[in-house]
Each structure stands twice: as C-alpha cells, then as structure tokens.
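Enquirer: When we follow this note's numbering, the leftmost residue of the sequence shown carries the number -13, and every step to the right adds one.
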Amino acid sequence: MKVAVIKNNLKEGIAAVERAAGENANLPILKNVLLETEDNKLKLTATNLEIAASFYVSGKIIENGKTTVPLDVFSGLITNISSERIDLESKKNVLEIKTDNYQATIHGISSEEFPLIPKISNLNEYIEIESAALKEALSQTIIASQFSELRPELNSIFVDFSLDNLKLVTTDSFRLAEKTLTGGQFQSNRQEPFNLLLPLRSGQEVLRILGDDGKVRLCHDGNQILFKTGQAEFFSRLMEGTFPDYRAVVPQKFSAEANISRQELLNALKLAGIFSARTNEVKMNVLENKKAVGISSSDQTLGENISTIPAKFRGDAKEMSFNWRYLSDGLKALKTDEVFLGLNEDNKPALLKSPNDASYFYLLMPILKT
C-alpha cells in the first residue's frame, strides 16, 4: 500500500474511529487500526467486536494494499507531525510514514488477523435521516440515560419506527426523554414497522461522528445496525431485552401548569445547586398569588438561598423538590426562550417541553418528601 494524504483529513479519520478500538489484552489486534485502500480512498477501521467504525479519507492512491498498526502510536504521530502532506507506505507489516522533514516506521500486525466486520444483509432497505436532525434527537434523549448493571435494558436507546415517524426514547427510571422525527425529516423504503435497542455507548459514538450537514442512512437486520454517512460508517450489535412500556407513565393532564423563562430557571437552578452540593435537591414552589415561582435550597452548614422567577401559572399551588442537575439537563435540551412545565403529585413525573413543540418531551420524577 502506498498513499499520500493531507494531515487534517487523516486526523479527522483517526478521530472518527479511535474510540471504537478495543482494550482486550488477549486480542492485541483490537488495539490496531486497519488501513486499506478502497474506492480510491484510504479507509480506516477500528473495532472492539461489539462496535466498529470506518472512515474514508481522500488522498492520492499510488498502490493498493492494507495493513494494521497500533492506533495510539499512529494517532500520536499524525497529531504531532507539522507537515501538511503525509506519505504512507506499507511493506511486510511495517508502515513507513514520511513528510518533507520527518520519517518514522511503525511495526504492525498482518491485516489477515484483523476481525471481519459483519455485513448488513440487505442494504436496500433503509431509513435516511437529515444528519442534523438525528444529531439533535440523540443529544436530546441520551441525557435521560445512564449505565445500569441492575437493569441492562436501560443502557440503551429505544428506536421505534412506524412508517410515518421515528421515535428515540431513553430512561434511567428517574427521568425519560422522547424525541419524534416526522416524515419531513427522514425518508424510508421500509414497508414494516420495527423497534430495536441501540446500546447507549453506540448512540454516544454515532452522536460524536455526526456532522451538521448531509444525511445518514440507517440499515439493520437481525441483531446488528449500520449508520452510514458520506465519509463514515458505524456498525453496532443490538441489545437483547425489552424496553419498559413507558407510555402509561406519560401524563396526559396536569393539576398545575407553568410557562416560565428557560434561561431564568436555568440560572436559578445553578444558584440553588451551590447550596445543595451534597443532595442536589432544590425546592420549587408558587409565590405571589401564582405569578412567580420560587427556586430554593439550603444547607445546615452553608446557608440558604431563594430565586424568584416570573411565571404564568395555572392550577393548584405546588411545592415540590427536584434533582437540580436532572432538571437542568432537560432545560438545556430545549431551544425555546419559554418552556412548559406540567406538574402533578409528588409520586408522578413532571413534564418539560417547549410550549408549541410536540416532538420532544422530558419527564422527571420529583424527590419524595420524607
């Protein structure tokens, strides 16, 4: 293999695949990146057997071939090389790197030992989504998840396709987020609805490599899924199990509703968080004849504080406690100046959304009074 590439293009490729590499001491090949020529480009691939990432780097292909080298060494060299043009040449599992003022060799492992990346059997059935739309959907939902050893099905993003819309849902049992993409945001030639569990880490990696332009194609069969953009491919095994039937807990009506400034509420939560570092608990209550909301917190050793925020409040007066970090996460996922907050009893979730946007909501359980 002999190719010439631009440093920044190669750096972009390394960044796209490096987190997919494995750390298995018994399989040192998983710490390597596969370099191969394909479709007149240099293709980089890394895998840990559960996920795999590939990226196509434009360049001048002088001689076809392939090899593998330790990804951390390769990444370190490319990052610190100062020249714009980099020449790569492999001979007998040794990769030679040359620039106008630098030369190095890296000892690798035969490409024959690199794991075969599974193929999706039917690439002709797909969902094609605007990259920016999928990026937003993932960023808005991943915030409601966290890794759980007790309930592995929660370490996932529930993807539910029903021909005219595509839903992404996550929950950690304390909070839940749902984003709905409609027909105007994606195209599909699939004829049957489906749902699947995308591992949380896989969703995080897809989010990391997505750009703001172009489209991403989603294909899946059996227990595997492929995300494909113009330059990148991301493969993942799917999770087994059943996602919780969350629809029954989504409130349809509220005993109290408030429209409130998103930024003012965020600022108040940050201030209250200073006095609740140990518990993350802040109190929310209605003030001044239902025309304002108070956000307060206290600590026996530190002191106490309260912020008063104007609000359009309807319904029963409430005093509830929330984890301020969780509530802030939901607010940050919204883009509008004003947000809607729906409340019920302490043992039922609050709902946060933009007032005129039905495509996204965020549920959060209050902290029960003791």
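For each residue, glycine too, the CB sits at the ideal point set by N, CA and C.
Figure out for me which residue from GLY94, PRO101 and GLY280 has the closest Cα to the Cα of LYS298.
Expert: The residue you call residue 298 lines up with position 312 of the sequence shown. Among GLY94, PRO101 and GLY280, the Cα nearest to that of LYS298 is on GLY280.
Enquirer: Specify the secondary structure class of ASP58 as computed by DSSP and reduced to three states.
Expert: Start at 1 with the first residue of the sequence shown, and residue 58 comes out as number 72. Three-state result, ASP58: helix.
Enquirer: So if DSSP puts GLU40 in a beta bridge, which residue, or which two residues, is it bridged to?
Expert: Residue mapping note: residue 40 aligns to position 54 of the sequence shown, counting from 1. Inspection of the sequence shows that residue 40 is occupied by Ser rather than by Glu. According to DSSP, which records beta bridges pairwise, SER40 is partnered with THR31 and GLU219.
Enquirer: Compute the Euclidean distance between the alpha carbons of PRO185 and SER142, then round it to the nearest angstrom.
Expert: Reading the sequence shown from its first residue, position 199 is the one you call residue 185. Reading the sequence shown from its first residue, position 156 is the one you call residue 142. So the two alpha carbons sit approximately 4 Å from each other.
Enquirer: Can you look up GLY208 in the DSSP assignment and give me helix, strand or coil?
Expert: Numbered from its first residue, the sequence shown carries residue 208 at position 222. Note: GLY208 maps to coil in three-state DSSP.
Enquirer: Could you tell me the distance, in whole angstroms, from the CA atom of LEU20 to the CA atom of ASN175?
Expert: The count along the sequence shown starts at 1 and reaches residue 20 at position 34. The count along the sequence shown starts at 1 and reaches residue 175 at position 189. Spanning the two alpha carbons is a distance of roughly 33 Å.
Enquirer: Go through its chain and collect everything with a Cβ distance to ILE103's Cβ below 8 Å, but skip five positions before and after it.
Expert: Numbered from its first residue, the sequence shown carries residue 103 at position 117. Closer than 8 Å at the Cβ level, and outside the excluded window around ILE103, lie THR31, THR33, ALA38, SER40 and PHE221.
Enquirer: Identify whether ALA303 lies in helix, strand or coil by the three-state DSSP scheme.
Expert: Numbered from its first residue, the sequence shown carries residue 303 at position 317. Correct three-state label for ALA303: coil.
Enquirer: Rounding to the nearest angstrom, what Cα-Cα distance links GLY197 and LEU255 in this structure?
Expert: The residue given as residue 197 occupies position 211 in the sequence shown. The residue given as residue 255 occupies position 269 in the sequence shown. Near 31 Å, if we compare the C-alpha coordinates of LEU255 and GLY197.
Enquirer: Count the other CB atoms, across all protein chains shown, that sit within 10 Å of the CB of ILE129; report buried if there are 16 or more and exposed otherwise.
Expert: Indexing the sequence shown from 1 puts residue 129 at position 143. Classification of ILE129: buried, given that the 10 Å Cβ count is 16 or more.
Enquirer: Could you tell me the distance, in whole angstroms, from the CA atom of THR157 to the CA atom of ASP315?
Expert: As a first step, residue 157 is located in the sequence shown; it is residue number 171 there, counting from the start. As a first step, residue 315 is located in the sequence shown; it is residue number 329 there, counting from the start. Each residue's alpha carbon lies about 13 Å from the other.
Enquirer: Just the C-alpha distance for LYS(-3) and LYS77, rounded to the nearest angstrom, thanks.
Expert: Walking along the sequence shown from the start, residue -3 turns up at place 11. Walking along the sequence shown from the start, residue 77 turns up at place 91. So the two alpha carbons sit approximately 22 Å from each other.
Enquirer: Leaving out the 5 sequence neighbours to the left and right, which residues in its chain are closer than 8 Å to ILE48 when beta-carbon positions are compared?
Expert: Here residue 48 corresponds to residue number 62 of the sequence shown, with the count starting at 1. Closer than 8 Å at the Cβ level, and outside the excluded window around ILE48, lie LYS(-12), VAL(-11) and ALA(-10).
Enquirer: Note down, in chain order, each residue of its chain lying with its Cβ closer than 6 Å to the Cβ of ASN(-6), except the 5 sequence neighbours on either side.
Expert: Within the sequence shown, residue -6 is the residue found at index 8, counting from 1. No residues qualify anywhere along the chain.
Enquirer: Going by DSSP, name the residue or residues bridged to ASN151.
Expert: In the sequence shown, residue 151 corresponds to position 165, counting from 1. Bridge partners of ASN151: THR168.
Enquirer: Classify LEU252 as helix, strand or coil using the three-state DSSP reduction.
Expert: On the sequence shown, residue 252 is found 266 positions in, with the first residue counted as 1. LEU252: helix per DSSP, three-state reduction.
Enquirer: Determine the extent of the beta strand (DSSP E) in which ASN12 is found, giving its start and end residues.
Expert: To locate residue 12, count along the sequence shown from 1; it is residue 26. Looking at the DSSP string, ASN12 is not in any beta strand (DSSP E), and its letter there is neither H nor E.
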